[in-house]
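Okay, so here's the structure we're looking at.
In UniProt numbering, the protein residues as written are 1 to 473.
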């Protein structure tokens, strides 16, 4: 790969993250937190600016740079999904870290070990070191993270227009958002709120609570607290959780192989590289003497549920941003592993609002025409590091993104007296695989994706061996 990167920050004045203003044990207060960004650029001739601009947002516990831009030579390398996209799509890829992750600002409560979730204290240290938490809120929420994403998207648009003033007319002036896992809670609602800034939405292993909250649980001036944190202490109840690599790979739980999926979901060859990358941007690794930990902020999300997504007129809408710059339809691609029990949960994992269901998300969008889903056989929740399925993730996502990268706008030529309605004769609309619609089973053996309904292959011929989904098997 020849893509290169630069790192920087985007400031967020008047942050709505109440953890920045927390009182208590002399926390450092943050009035203008910094959001870490990494810009990955393909190798292009001088003066040429990529038209496709992509912003990636990661999940709940692992920093975005590690999720999307892992540098490792294990098992043949090529672990950086972001660099694969940049090189093969000739796109600019921007990776952002929400507050509390990676090189971004850490809210003050994350400096107190008493603010670690009790269940994580027990698993990481073998005992509860201290309680209760000195701060009762969460260190992130929907409103603060939508604000952070908006600041990054505006920065991306501004930087791209500075490099190429014609970008808005050539490529609609919008970005494609990629959200992984709980990152869907950030990019999905943001796309619904800002269709004028979003061109497409790619969701990998998206968290989706069909019965999740629609609105903020309290006044904006108050810290965001889960409605009943005591019953879901694994997710809420304190400002942060921690990951550890003791024993090796503890941060990556695995199901192990079975008859239909002989490859283990966990890639042992890359464990140390992942952990070392997480530690590079962990200023609090010495927070608890004698223990190397990665801190992650607890966050409470809303605005991402069945009723809101079903009612939104733009997600999955036709046309796909090809004919008119003013078109605000947002095509959606979902990629999910069939062994991912997190997004196909059989029980409630959070706050009493029901199990996560990626099937419900697809069904809520599919009726509008430009929603597409790939179910990868044997893929796990950490498919971006999983052998050999990470390569399927790269190929399928890049095929879809190439439709945006190849777009040529219709209004690129200036009118002339003889042709006042001049348009670009090279106009090329967005063209997506399978027409951008439908649900497809991706076999582990390398065969072509086949249309299916999420449980059984769609085939005109009778099948003696229909494929049935058993996501936790």
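Beta carbons: idealized from backbone N, C-alpha and C, even for Gly.
For residue i and residue j, I'd like the C-alpha separation in whole angstroms.
{"i": "residue 16", "j": "residue 306", "result": "26 Å"}
{"i": "residue 179", "j": "residue 148", "result": "14 Å"}
{"i": "residue 73", "j": "residue 88", "result": "19 Å"}
{"i": "residue 41", "j": "residue 104", "result": "21 Å"}
{"i": "residue 3", "j": "residue 447", "result": "30 Å"}
{"i": "residue 19", "j": "residue 138", "result": "7 Å"}
{"i": "residue 371", "j": "residue 315", "result": "8 Å"}
{"i": "residue 438", "j": "residue 201", "result": "15 Å"}
{"i": "residue 222", "j": "residue 107", "result": "15 Å"}
{"i": "residue 321", "j": "residue 429", "result": "Reliability of the predicted coordinates at residue 321 is poor, the pLDDT of 47 falling under 50, and the value obtained from them is presented with this limitation in mind. Spanning the two alpha carbons is a distance of roughly 7 Å."}
{"i": "residue 93", "j": "residue 63", "result": "16 Å"}
{"i": "residue 435", "j": "residue 456", "result": "21 Å"}
{"i": "residue 334", "j": "residue 96", "result": "20 Å"}
{"i": "residue 129", "j": "residue 186", "result": "32 Å"}
{"i": "residue 313", "j": "residue 391", "result": "33 Å"}
{"i": "residue 463", "j": "residue 220", "result": "Low local confidence applies: a pLDDT of 37 at residue 463 is under 50, so the model's placement there is unreliable, with the coordinate-based value given in what follows. Their backbone Cα atoms lie some 55 Å apart in a straight line."}
{"i": "residue 61", "j": "residue 426", "result": "45 Å"}
{"i": "residue 150", "j": "residue 259", "result": "45 Å"}
{"i": "residue 164", "j": "residue 56", "result": "22 Å"}
{"i": "residue 250", "j": "residue 277", "result": "15 Å"}
{"i": "residue 402", "j": "residue 252", "result": "31 Å"}
{"i": "residue 344", "j": "residue 209", "result": "10 Å"}
{"i": "residue 158", "j": "residue 211", "result": "37 Å"}
Measuring CA to CA, which of the options is closest to residue i?
{"i": "residue 400", "options": "408, 388, 373, 380", "result": "373"}
{"i": "residue 5", "options": "13, 59, 68", "result": "68"}
{"i": "residue 113", "options": "452, 239, 430", "result": "239"}
{"i": "residue 49", "options": "99, 160, 143", "result": "160"}
{"i": "residue 236", "options": "106, 141, 298", "result": "298"}
{"i": "residue 304", "options": "130, 278, 188", "result": "188"}
{"i": "residue 154", "options": "290, 35, 274, 441", "result": "35"}
{"i": "residue 359", "options": "203, 131, 143, 402", "result": "203"}
{"i": "residue 432", "options": "450, 396, 445", "result": "396"}
{"i": "residue 388", "options": "250, 77, 212, 406", "result": "77"}
{"i": "residue 279", "options": "245, 267, 268", "result": "245"}
{"i": "residue 99", "options": "44, 169, 344, 9", "result": "9"}
{"i": "residue 262", "options": "452, 445, 51", "result": "445"}
{"i": "residue 406", "options": "44, 156, 171", "result": "171"}
Leaving out five residues on either side along the sequence, give the residues of the same chain with a beta carbon under 6 Å from the beta carbon of residue i.
{"i": "residue 242", "result": "116, 120, 124, 293, 295"}
{"i": "residue 282", "result": "294"}
{"i": "residue 337", "result": "376, 379, 380, 383"}
{"i": "residue 32", "result": "11, 13"}
{"i": "residue 146", "result": "190"}
{"i": "residue 364", "result": "306, 309, 310"}
{"i": "residue 167", "result": "160, 161"}
{"i": "residue 7", "result": "38"}
{"i": "residue 58", "result": "64, 67, 180, 183"}
{"i": "residue 317", "result": "329, 368"}
{"i": "residue 101", "result": "63"}
For residue i, I'd like the list of residues in its chain whose CB is within less than 8 Å of its CB, leaving aside the five on either flank, ordered along the chain.
{"i": "residue 196", "result": "174, 328"}
{"i": "residue 342", "result": "181, 205, 207, 349, 356, 381"}
{"i": "residue 270", "result": "70, 72, 74, 75, 79, 385"}
{"i": "residue 214", "result": "302, 303, 305, 307, 308"}
{"i": "residue 225", "result": "136, 137, 138, 217, 218, 236, 300"}
Would you mind reading off the limits of the beta strand (DSSP E) that contains residue i?
{"i": "residue 339", "result": "Looking at the DSSP string, residue 339 is not in any beta strand (DSSP E), and its letter there is neither H nor E."}
{"i": "residue 5", "result": "4 to 11"}
{"i": "residue 441", "result": "438 to 442"}
{"i": "residue 371", "result": "371 to 376"}
{"i": "residue 348", "result": "Careful: residue 348 lies outside any beta strand (DSSP E) and carries neither H nor E."}
{"i": "residue 296", "result": "294 to 297"}
{"i": "residue 94", "result": "92 to 96"}
{"i": "residue 199", "result": "198 to 204"}
{"i": "residue 242", "result": "240 to 243"}
Looking only at its chain, what residues have a beta carbon closer than 7 Å to the beta carbon of residue i, apart from the 5 residues adjacent to it on each side?
{"i": "residue 255", "result": "265, 339"}
{"i": "residue 273", "result": "70, 72, 74"}
{"i": "residue 131", "result": "114, 118"}
{"i": "residue 122", "result": "128"}
{"i": "residue 394", "result": "81, 84"}
Alpha helix (DSSP H) containing residue i: first to last residue?
{"i": "residue 362", "result": "358 to 366"}
{"i": "residue 186", "result": "184 to 193"}
{"i": "residue 179", "result": "Segment 175 to 180 is the beta strand (DSSP E) holding residue 179; no alpha helix (DSSP H) there."}
{"i": "residue 156", "result": "142 to 163"}
{"i": "residue 403", "result": "389 to 405"}
{"i": "residue 81", "result": "81 to 89"}
{"i": "residue 385", "result": "Per DSSP, residue 385 belongs to no alpha helix (DSSP H) and is neither H nor E."}
{"i": "residue 308", "result": "306 to 311"}
{"i": "residue 118", "result": "118 to 125"}
{"i": "residue 168", "result": "167 to 171"}
Counting only beta-carbon atoms, is residue i nearer than 8 Å to chain D?
{"i": "residue 179", "result": "Among the protein chains of the structure shown there is no chain D, as only one such chain exists."}
Could I get the ranges of all uninterrupted beta strand (DSSP E) runs contained in the stretch 15 to 77, with 3 residues as the minimum, in chain order? 34 to 41, 53 to 57
List, from N- to C-terminal side, the alpha helix (DSSP H) runs of 4 residues or more that fit wholly inside the stretch 245 to 291. 271 to 280
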